[in-house]
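Trainee: Going down the list, the protein sequences come from chains A and B. If you count the first sequence from 1, position 209 lands on 252 in the numbering used here, and the numbers rise without skipping. If you count the second sequence from 1, position 25 lands on 77 in the numbering used here, and the numbers rise without skipping. Have a look at this one before I ask anything.
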Amino acid sequence: MTPGAAGWWYPATSPVSNDRRPFHTFLLKIASRCNLDCPYCYVYHLADQSWQKQPRFMEPAIVRAAGLRIGEYARQNGKSSVSVVYHGGEPLLTGQSRLREISDILRAQVGSDIEIDFGLQTNGTLVDESWVDLFEEYNINVGISIDGPPRRHDRFRIYVDGSGSSRAVEAAVALLRARPSIFGGALCVVDLESDPVEVYDYLVSIGVPGIDFLLPDGNHTHLPPGVHQRADAVKYADWLLPIFERWYQAGSAAPPIRTFMSIMRLLLGRESLVESIGPSTVDLVVVETNGDIEAVDTLKCCYAGAAATGFSVLRDDFHTVESTPALQALRLGLGALGDECIRCKYVRVCGGGYQPHRYSEDRGFLNPSIYCVALQRLIGSIACRMGQDLRAAGVTVPSRIADLAADHSPSSS
Amino acid sequence: METKAASRMLAGDVAEGQCPAVQSPEDAADELLRERSIAALPDNALRRLLEDLRTENVDARTVRLARNHTKHTKKYSRW
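So this is what it looks like as structure tokens:
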């Protein structure tokens, strides 16, 4: 089978989606380079090397075109607000004057009738007081990437010379903590060799307002760390569950953890809070540094060109991109999944897992997630914990929770 | 799904104190969101989530429609 052929992104028999949920989040790759060299990064160290052909920074002409397209698209879809996320590479490499210019251009081009919620994901190494002032001035919600206490963080989040970035990141967290209105939270990539409770306790101790644990990007062709066959992936659930238990019991004293909250919400029939889990459609689109419009950027862990659509903000509007196969697949929700997923009782919670994690070079995206067994154990154990507490409180346990808890124990490891 | 639950509340189908048959996760969630159900739980993540969902429903009722008018969550922003 060849990439892009019928049956690659979603079953050939799936009807074309009539989901008209418009894009809401526009992720702008304003810098294509990074001052860190993390070996797990999907941009630089996995299957797609297209970053090498990108300009270093997004030029004003691209920003103007993107802003104009975003404004037109929002207006055509009756939207009064959109989310624009600055991403990279490392977006702070743009420098403050360029980031101001980008933000001003976007506001002008999108139009005053459309509210822009700005976000930014940074590695934290360049954040200082003046950056935090700028974030506050432009009301930019900041997420920071941090993998745990220094000796853990510095295993992978390293500069080109191999030295760790933890000291700079801790300083950044301290600065951001003092501005709670613009500090979103921390993204932490799971490292099986670290102690999960130590990582969690550390993140709590430095005062991040929210946490999300990310599974390392990988799939059936490019296996994640520690996974040699599908069953091995259960180690990721075994890593996460001790954190879940500690977080769950802490109640209102603990910072939100989006993955756990999303699973709990999905078990209650609500929508996920993250793009990586749950059956709902995804409303994110990416604008590359050169203006190319792309699908979910983490598809770069699959194969060269996986995220490409062939469209650009210089020539095309966002409506045009909606029907490209990669984005169509996201709009199909459960309709994009292969038979094994559709038959599975967990699918209404996991949604097949994250799209890039379903890839294999022989079957495209019609596989369960490479993390399937981990997701099942995680979901089942969380359902079990919720069911136990509901029963103890004398409340009827919803059938979805009871069904998915059946084969698990609360901390089944 | 929030839309469905909130719409039912708007329409008054599920009045406080009634106990509908638990058929779907949405119906079940409605039951769980009753104040007395939440109060019976210890201070844990489940209680906190149910309190949040209850607030989401109230917010949805306030603005008359859930899906298109509730403040968009930071769902797909990386934060």
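Just so you know, even glycine gets a beta-carbon here, dropped at the ideal spot from N, CA and C.
In terms of residues, what are the limits of the alpha helix (DSSP H) holding Q419 of chain A?
Mentor: Q419 of chain A -> alpha helix (DSSP H) spans 415-435.
Trainee: Using beta carbons (cut-off 9 Å, strictly below), is R106 of chain B in contact with chain A?
Mentor: no
Trainee: Please tell me whether P218 of chain A and C231 of chain A are closer than 9 Å, where the distance is taken between their beta carbons.
Mentor: Residue 218 of chain A is actually Leu in this sequence, not Pro. Annotated as distal: L218 of chain A and C231 of chain A, with beta-carbon spacing of 9 Å or more.
Trainee: Which residues of chain B have a Cβ atom closer than 9 Å to the Cβ of R194 of chain A, listed in chain order?
Mentor: Per Cβ cutoff of 9 Å: no residues; R194 of chain A is ~25 Å from chain B at best.
Trainee: So E83 of chain B contacts chain A; which residues on that side make the cut at Cβ distance below 9 Å?
Mentor: V438, T439, P441
Trainee: Which residues of chain B have a Cβ atom closer than 9 Å to the Cβ of L375 of chain A, listed in chain order?
Mentor: Going along chain B, no residue has its Cβ under 9 Å from L375 of chain A, so there is no contact; the nearest lies around 17 Å.
Trainee: Residues of chain B with CB closer than 8 Å to the CB of Y291 of chain A, please, in chain order.
Mentor: N96, A97, L98
Trainee: Taking C-beta pairs closer than 9 Å, name the residues in chain B that F303 of chain A reaches, listed in chain order.
Mentor: A97
Trainee: Please identify the residue among A:S126, A:V128, A:R107, A:E172 whose C-alpha is closest to the C-alpha of Q139 of chain A.
Mentor: A:E172
Trainee: If I follow the unbroken alpha helix (DSSP H) through K278 of chain A, where does it start and stop?
Mentor: First-last of the alpha helix (DSSP H) with K278 of chain A: 277-293.
Trainee: For W52 of chain A, count neighbouring C-beta atoms within 10 Å of its own C-beta (all shown protein chains included) and say buried if the count is 16 or more, exposed if not.
Mentor: Here W52 of chain A is buried. Its C-beta has 16 or more other C-beta atoms within 10 Å.
Trainee: Excluding five sequence neighbours on each side, which residues of the same chain lie with their C-beta closer than 8 Å to the C-beta of R434 of chain A?
Mentor: V440
Trainee: With H, G and I counted as helix, E and B as strand and the rest as coil, what does DSSP make of S403 of chain A?
Mentor: The answer is strand: DSSP assigns S403 of chain A an E or B state.
Trainee: Can you tell me which residues form a DSSP beta bridge with C231 of chain A?
Mentor: In DSSP, C231 of chain A forms a bridge with A:F256.
Trainee: Among residues of its own chain, excluding the 5 on either side of V317 of chain A, which ones have a beta-carbon nearer than 8 Å to its beta-carbon?
Mentor: D255, R301, T302, S305
Trainee: For the beta strand (DSSP E) that contains A351 of chain A, what are its first and last residues?
Mentor: 351-355
Trainee: Using 8 Å as the threshold, is the region 319-328 of chain A in touch with the region 71-87 of chain A, meaning 3 or more CB pairs across them?
Mentor: no
Trainee: Tell me where the alpha helix (DSSP H) around Q164 of chain A begins and ends.
Mentor: Q164 of chain A -> not in any alpha helix (DSSP H); beta strand (DSSP E) instead, spanning 158-165.
Trainee: Does chain B have any CB closer than 9 Å to the CB of D190 of chain A?
Mentor: no
Trainee: Closer than 8 Å by beta-carbon distance: list the chain B residues that pair up with W450 of chain A, in chain order.
Mentor: In the sequence as presented, Trp is not what sits at residue 450 of chain A; that position holds Asp. Those within 8 Å of D450 of chain A in chain B number zero; the least Cβ separation is about 19 Å.
Trainee: For a cutoff of 9 Å on Cβ pairs, would you count G378 of chain A as touching chain B?
Mentor: no
Trainee: By a C-beta neighbour count over all protein chains shown, 10 Å radius and 16 as the cutoff for buried, is S206 of chain A buried or exposed?
Mentor: With fewer than 16 other Cβ atoms within 10 Å, it is exposed.
Trainee: Closest to P98 of chain A by CA distance: which of A:L447, A:T332, A:R118, A:N120 is it?
Mentor: A:T332
Trainee: From which residue to which residue does the beta strand (DSSP E) around E337 of chain A run?
Mentor: 335-337
Trainee: With a cut-off of 9 Å, does the C-beta of Q75 of chain B fall near any C-beta of chain A?
Mentor: Low per-residue confidence applies at Q75 of chain B: pLDDT is 41, beneath 50, and the placement is therefore not dependable, though the value from the model is reported in the following sentence. Answer yes: the Cβ-Cβ gap between Q75 of chain B and chain A drops below 9 Å somewhere.
Trainee: Hey, could you find the ends of the alpha helix (DSSP H) T302 of chain A is sitting in?
Mentor: It spans 301-310 - the alpha helix (DSSP H) in which T302 of chain A sits, taken as one unbroken run.
Trainee: How is Y397 of chain A classed by DSSP in three states: helix, strand or coil?
Mentor: coil
Trainee: Going by DSSP, what residue range makes up the alpha helix (DSSP H) through V240 of chain A?
Mentor: Run containing V240 of chain A: 239-248, per the alpha helix (DSSP H) assignment.
Trainee: Scan the region 92-150 of chain A and note each continuous beta strand (DSSP E) run of 3 residues or more that stays entirely inside, going in chain order.
Mentor: 124-130
Trainee: Distance cutoff 9 Å, beta carbons only. Does S366 of chain A sit that close to anything in chain B?
Mentor: No, S366 of chain A does not count as interfacial toward chain B.
Trainee: Between Y397 of chain A and the rest of its own chain, which residues show a CB-CB distance below 6 Å, the 5 nearest in sequence each way excluded?
Mentor: S319
Trainee: Distance check for I413 of chain A and G110 of chain A, CA to CA, integer angstroms please.
Mentor: 36 Å
Trainee: At a Cβ threshold of 9 Å, is G294 of chain A touching chain C?
Mentor: Among the protein chains of the structure shown, namely A and B, there is no chain C.
Trainee: Could you please tell me which residues of the region 306-331 of chain A, in chain order, have their CB closer than 8 Å to any CB of chain B?
Mentor: If the cut-off is 8 Å between Cβ atoms, the region 306-331 of chain A has M307, R308, L310, L311, G312, R313, E314, S315, L316, V317, E318, V325, D326, L327 near chain B.
Trainee: What's the gap between the Cα of V185 of chain A and the Cα of S295 of chain A?
Mentor: 22 Å
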